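A.B. asks:
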Amino acid sequence: MGKRCLRTIQKPTPSILFPLHSPGKYVILFYKHNNNYNTEQYMHEQHRSRTKKRFLAEGLENFEPHNVLELLLFYSIPQKDTNEIAHALINRFGSLSAVFDAPYEELMEINGIKEHSATLIKLIPALARRYAVESSTDASQTFSTLSQIGEFFVSKFIGATKETVYLLLLDNKYKKIDCIKIHEGSVNSSAVTMRRLVEAALYNKASMAVLAHNHPNGLAIPSPDDMFTTNEAARAFSLMGIEFLGHILVAGQKYVNILK
0 MGKRCLRTIQ KPTPSILFPL HSPGKYVILF YKHNNNYNTE QYMHEQHRSR
50 TKKRFLAEGL ENFEPHNVLE LLLFYSIPQK DTNEIAHALI NRFGSLSAVF
100 DAPYEELMEI NGIKEHSATL IKLIPALARR YAVESSTDAS QTFSTLSQIG
150 EFFVSKFIGA TKETVYLLLL DNKYKKIDCI KIHEGSVNSS AVTMRRLVEA
200 ALYNKASMAV LAHNHPNGLA IPSPDDMFTT NEAARAFSLM GIEFLGHILV
250 AGQKYVNILK
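If you use numbering that gives the first Met the number 0, the sequence shown corresponds to residues 0 to 259, in order.
#1: Any heavy atom of the ligand HEM closer than 8 angstroms to the CB of residue 177?
#2: Going by C-alpha to C-alpha distance, which of 229, 52, 159 and 131 sits closest to residue 150?
#3: Count the other C-beta atoms from every protein chain shown that fall within 10 angstroms of the C-beta of residue 97, then say buried if there are 16 or more, exposed otherwise.
#4: Which complete alpha helix (DSSP H) runs does the segment 137-167 hold, if anything under 4 residues is left out?
#5: Would you please state the rounded distance, in angstroms, between the beta carbons of residue 202 and residue 181? I believe it to be under 8 angstroms.
#6: Measure the beta-carbon distance from residue 74 to residue 106 and round it to whole angstroms, keeping in mind my assumption that it falls under 8 angstroms.
#7: DSSP state of residue 214, grouped into three classes?
#8: In this structure, what does DSSP give as the bridge partners for residue 169?
#9: Figure out for me which residue from 161, 56, 70 and 100 has the closest Cα to the Cα of residue 86.
#10: Around the Cβ of residue 228, are there at least 16 other Cβ atoms within 10 angstroms (buried) or fewer (exposed)?
#11: With a CB to CB cut of under 7 angstroms and the five nearest residues on each side skipped, what residues in its chain are close to residue 209?
#12: With distances taken between CB atoms, is the gap from residue 291 to residue 128 smaller than 9 angstroms?
#13: Helix, strand or coil for residue 44 per DSSP?
And the structure:
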């Protein structure tokens, strides 16, 4: 049998065997196919698949902050490596919570973050807050300690970007009657009138009341207006025979009771 002639055009994928005119001689032509698919894309897809499966199996507890963002950005950046973008976000803002609290416009300054990604990031704390509020609206909710009330308001203020005042009303067994938004803006005696607080408590036949507000971008340290409003509220509720349990000030994951 004569010698065979082999000629490779590129790294082999599928091959076709063609006979030459001379008997017993062949040429093998290798060709490349599917030009839109490559090894790098395949690796990205496998990495995304593994990350999603890990989340479904373990939750986020063991994820590094950038891994959380990387996973989130899968859903707004379908074709690009999101790991570098996630690192850039953490480097710019310092922490996972700071990324979620960052203004929309500043998120858009990060290379790779477009409108859909910035909106998705801002959606997360808003969803968390909505979930926390709705999961705590059970009419049978009863508090046994002031710490539980403090944690209730920490959850309620998740993702809040504006200073907001709430009035929590309880019956004589510490069962929640209602939690009413009183005001959105800075806390002072002109914005938060004692008449409105007392009328809300009397209308709902509350035995106890708790005032609460947040410092979105500050510390859990009461201002002079906070102290004045707290003292006025304590006096007004006392005159009506309603026990005033305190004024909860929330900043991030921390809170203080101004009255205690």
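Glycine included, C-beta positions come from ideal geometry on N, C-alpha and C.
Here the structure is a predicted model, which means the values were calculated and not measured.
C.D. replies: Result, derived from the coordinates:
#1: The model depicted lacks the ligand HEM and carries no ligand whatsoever.
#2: 131
#3: exposed
#4: 145-155
#5: Not really, about 13 angstroms apart at Cβ, beyond 8 angstroms.
#6: That pair is no contact at about 15 angstroms.
#7: coil
#8: 175 and 207
#9: 70
#10: buried
#11: 148, 167, 244, 245 and 247
#12: The displayed coordinates of the chain run from 0 to 259. Any statement about residue 291 would go beyond what the structure contains.
#13: helix
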